[in-house]
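Report on the following structure.
Shown next, in the form of structure tokens:
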């Protein structure tokens, strides 16, 4: 199996397809009139046109190599939402560890977003340099999550592991990370809204469905 999982291939894999769903009103009518809304993210993983199923389903990449995925995890952080008037909103403490084997990790919600029409969004695939150098942390950034190398090398931004007869020893392991100089693997992802608008309304929740395609990680970057 060719090692085509390079830093720049990540951009193609996370050129995410976005689908917007209508707003729903947040429950609890006894609360004061809200001035912000919420945005829910739902992530789906595919390999080509097929859904990702770990451990049991065999896939074939563009080189004709068959493989089975046993682990797929990555960080999403530093979400920035841009309004139609050009202003932006960047939620604080925005760090999420997505694990394909943990269904609950593939859905997260950002609350207290100012009302308005949002036409684009960016986020980091990985963890920013500040948090890479911030010492012991908790939550998604807890070193015990198995996504951390050392205080010198920082976080593993994306982890893809599996089995393939074409790989040495019958197994492959791609761990992508690094935040310094030429080894900087932090990537800014800008999903295509396809001309749609997220109409953030007070007290309501909008949902963005995003699809990441692992087939791109094995394609030529």
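Numbering (my numbering), first residue to last: -9 to 211.
Yeah, the Cβ is synthetic: ideal placement off N, Cα and C, and Gly gets one too.
A quick note: this is a predicted structure, and the numbers were derived from the prediction, not measured.
When rounded, the separation of the alpha-carbon atoms in residue 27 and residue 108 is 12 Å.
At a Cβ-Cβ threshold of 9 Å, residue 49 and residue 57 count as neighbours. Distance from the Cα of residue 177 is smallest, within the candidate group 34, 77 and 117, for 117. With fewer than 16 other CB atoms across the displayed protein chains lying within 10 angstroms of its CB, residue 83 is exposed.
Excluding its 5 nearest sequence neighbours in each direction, residue 185 has no C-beta neighbour in its own chain below 7 Å. In chain order, 67, 85, 127, 131 and 145 place their CB closer than 8 Å to the CB of residue 121, counting only its own chain and leaving out the 5 sequence neighbours on each side. Note that the stretch 92 to 112 does not touch the stretch 142 to 158; fewer than 3 beta-carbon pairs, one per stretch, sit closer than 8 Å. Collapsing the DSSP output to three states places residue 48 in coil. Restricting attention to 35, 92, 38 and 111, the CA atom closest to the CA of residue 187 is found in 111. Nearest to residue 38 by alpha-carbon distance, out of 209, 207 and 203, is 203. Residue pairing for residue 41: DSSP places it in a beta bridge opposite 36. Classified as exposed, residue 47 has fewer than 16 neighbouring CB atoms from the shown chains inside 10 Å of its CB.
Residue 107 is bridged by DSSP to 189.
It is roughly 39 Å from the alpha-carbon of residue 29 to the alpha-carbon of residue 55.
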